[in-house]
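Residue numbers (the UniProt record's numbering): 1 to 333.
Below is one structure, written out as structure tokens; the observations come after it.
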């Protein structure tokens, strides 16, 4: 392992000079600083995390409040987590995972005790009860999601409302006149999860604008729930020809049940969904979809929080515009 002594020898300076360059505690000439930084890069030196934390008064840790719920799709959640962890490492930061069950005061506890320098929060609700606490934290906070009241907080998310509009509009533009939304499990709507509420609002706004008959069906995972949901969706009185699905966990079961009922996608029923690209492309019938850009959103959340750690930065909201990929699962009527 490369030591600070070897860096100093390589750069032709004292060990204290290298230490001052790393900590920024003393002014060092630009020429000397550049020479030390070049030696660090050339030798592949990595400062000891504990020593660096003492020098900078930082923990080099980001706190991540992440949902661990039975009604969440864990593989998708883990795409966000892996992106945040990988992006944090690019800044030489580690990630401390805080579960929802730890309580609403956990984010304040870990920052007050210097266990984490900043907080990223997932599983954001429209009327999130944690907002007052998050506003009071004396550390940067970024929400991966957007509550109704986000004043004074930085947020990044997919524009779910626009996604709902686009998916309904996609079917309307192909001549569909009666469509349905198969949405998230009931518990997701009951607790007012922001992304689900925003997509629902976009879907309903678009169908109302186009004067399209449309129904909404919350669907729990599991074969019996999916079958019962389809019984309601496909009731002959509805005349449904197109489905918008916002529920990654049921997609595979849904397609298998449609096949069991001798319904072809897209000849008999068009299907469009919102989910990660790799999920949509690997299903028994590849689905036209709007992507959940988990990797991009996680990386942006880390970049936003690191920017606020290093400089004065006003709170901002970034909503990524939806990206639709046509995989042939919607037909023209």
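For every residue, glycine included, the Cβ atom is placed at its ideal position computed from N, Cα and C.
A quick note: this is a predicted structure, and the numbers were derived from the prediction, not measured.
Could you tell me the distance, in whole angstroms, from the CA atom of residue i to the CA atom of residue j?
| i | j | result |
| --- | --- | --- |
| residue 50 | residue 94 | Interpretation of residue 50 is limited by its pLDDT of 46, a score under 50 that renders its predicted location unreliable; the figure taken from the coordinates is listed afterwards. If you take the alpha carbons of residue 50 and residue 94, they lie about 12 Å apart. |
| residue 236 | residue 207 | 20 Å |
| residue 243 | residue 260 | 17 Å |
| residue 307 | residue 326 | 36 Å |
| residue 53 | residue 59 | Model confidence at residue 53 stands at a pLDDT of 49, short of 50, so the residue's coordinates are unreliable and nothing is read from them. |
| residue 75 | residue 148 | 27 Å |
| residue 168 | residue 317 | 25 Å |
| residue 158 | residue 143 | 12 Å |
| residue 55 | residue 32 | Summary for residue 55: the model assigns pLDDT 48, below 50, so the residue's position carries little reliability; its value from the coordinates is reported in the next sentence. One C-alpha to the other measures close to 20 Å. |
| residue 197 | residue 255 | 25 Å |
| residue 241 | residue 333 | 9 Å |
| residue 314 | residue 90 | 23 Å |
| residue 297 | residue 14 | 42 Å |
| residue 107 | residue 62 | 11 Å |
| residue 134 | residue 30 | 39 Å |
| residue 231 | residue 239 | 12 Å |
| residue 124 | residue 194 | 6 Å |
| residue 46 | residue 9 | 16 Å |
| residue 153 | residue 186 | 28 Å |
| residue 43 | residue 216 | 60 Å |
| residue 329 | residue 84 | 32 Å |
| residue 319 | residue 156 | 6 Å |
| residue 211 | residue 161 | 18 Å |
| residue 18 | residue 81 | 34 Å |
| residue 309 | residue 116 | 12 Å |
| residue 16 | residue 303 | 31 Å |
| residue 269 | residue 263 | 7 Å |
| residue 4 | residue 113 | 29 Å |
| residue 289 | residue 324 | 6 Å |
| residue 12 | residue 299 | 37 Å |
| residue 271 | residue 175 | 14 Å |
| residue 321 | residue 163 | 8 Å |
| residue 40 | residue 150 | 41 Å |
| residue 20 | residue 312 | 23 Å |
| residue 166 | residue 292 | 14 Å |
| residue 109 | residue 67 | 18 Å |
| residue 70 | residue 301 | 25 Å |
| residue 65 | residue 97 | 6 Å |
| residue 37 | residue 305 | 24 Å |
| residue 2 | residue 34 | 19 Å |
| residue 233 | residue 92 | 50 Å |
So the beta strand (DSSP E) residue i belongs to, where does it begin and stop?
| i | result |
| --- | --- |
| residue 317 | 317-320 |
| residue 158 | 154-158 |
| residue 84 | Segment 74-90 is the alpha helix (DSSP H) holding residue 84; no beta strand (DSSP E) there. |
| residue 289 | 288-291 |
| residue 63 | 61-66 |
| residue 142 | 141-144 |
Got a sec, what are the start and stop residues for the alpha helix (DSSP H) residue i sits in?
| i | result |
| --- | --- |
| residue 235 | First-last for residue 235: undefined, no H or E at that position. |
| residue 272 | Premise fails: residue 272 lies in the beta strand (DSSP E), 270-275, not in any alpha helix (DSSP H). |
| residue 131 | 131-136 |
| residue 180 | Taken as a continuous stretch (DSSP letters only), residue 180 belongs to no alpha helix (DSSP H), being part of the beta strand (DSSP E) at 179-183. |
| residue 310 | 294-310 |
| residue 39 | 30-43 |
| residue 176 | Per DSSP, residue 176 belongs to no alpha helix (DSSP H) and is neither H nor E. |
| residue 10 | 4-11 |
| residue 187 | 186-190 |
Can you check which of these residues, the options, is closest to residue i by C-alpha distance?
| i | options | result |
| --- | --- | --- |
| residue 145 | 176, 133, 114 and 192 | 192 |
| residue 276 | 166, 331 and 78 | 78 |
| residue 266 | 18, 10, 43 and 171 | 171 |
| residue 87 | 312, 294, 321 and 73 | 294 |
| residue 121 | 113, 114, 115 and 130 | 130 |
| residue 273 | 3, 257 and 252 | 252 |
| residue 119 | 127, 99 and 126 | 99 |
| residue 213 | 178, 228, 112 and 226 | 178 |
| residue 105 | 81, 262, 127 and 137 | 137 |
| residue 189 | 126, 163 and 68 | 126 |
| residue 173 | 7, 331, 35 and 227 | 331 |
| residue 227 | 73, 257 and 209 | 257 |
Residue i: beta carbon under 7 Å from a heavy atom of the ligand HEM?
| i | result |
| --- | --- |
| residue 239 | Looking for the ligand HEM in the displayed structure turns up nothing, as the structure carries no ligands at all. |
| Any chance the segment 268-287 sits against the segment 219-227, with 3 or more Cβ pairs inside 8 Å? | Contact annotation: the segment 268-287 does not touch the segment 219-227, with fewer than three C-beta pairs closer than 8 Å.
| message | Check whether the segment 127-144 and the segment 197-207 touch, using three or more Cβ-Cβ pairs below 8 Å as the test. | response | Counting Cβ pairs under 8 Å, fewer than three are found: no touch.
| field | Sufficient close CB pairs (3 or more, under 8 Å) joining the segment 247-255 to the segment 180-198 | value | Touching, yes, given that three or more Cβ pairs across the two stretches are closer than 8 Å.
| task | May I have a chain-ordered list of the beta strand (DSSP E) segments no shorter than 3 residues that lie completely inside the segment 199-261? | result | Entirely contained in the segment 199-261, the beta strand (DSSP E) runs reaching 3 residues are, in chain order, 214-218 and 242-245.
| task | Can you check the segment 94-120 for any alpha helix (DSSP H) of at least 4 residues that lies completely inside it and give the ranges in chain order? | result | Correct list: 106-112.
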